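Each residue of the sequence shown is one higher than the last, beginning at 367 in this note's numbering.
Note that CB positions come from ideal geometry on N, CA and C, so glycine has one too.
Treat the numbers as computed from the prediction; the structure is a model and nothing was measured.
Some notes on the structure that comes next.
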Amino acid sequence: MLLSLKWLSKYVDLNGISLDELLTKITAAGLEVEGVRKLASGSNLVVGQILEVNKIEG
367 MLLSLKWLSK YVDLNGISLD ELLTKITAAG LEVEGVRKLA SGSNLVVGQI
417 LEVNKIEG
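Below, the structure written as structure tokens:
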């Protein structure tokens, strides 16, 4: 099963918990963690939203 930290934070308070500590707690609860993927690391990520689309005449 895949889950995101954002989704998990809706149900569990993750403030002040490092990723390593969270993984340790998940494993201690009897769940297996196969791996961790960081999908959007870095400062060059830009997120945008298209608000409207207009036809260009010509």
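| Asked | Found |
| --- | --- |
| Terminal residues of the continuous alpha helix (DSSP H) containing residue 422? | Taken as a continuous stretch (DSSP letters only), residue 422 belongs to no alpha helix (DSSP H), as it is neither H nor E. |
| Please classify residue 394: does DSSP put it in a helix, a strand, or coil? | helix |
| How many angstroms separate the CA atom of residue 403 from the CA atom of residue 394? | 20 Å |
| If you draw a straight line from the C-alpha of residue 370 to the C-alpha of residue 380, how long is it? | 12 Å |
| DSSP three-state call for residue 405: helix, strand or coil? | coil |
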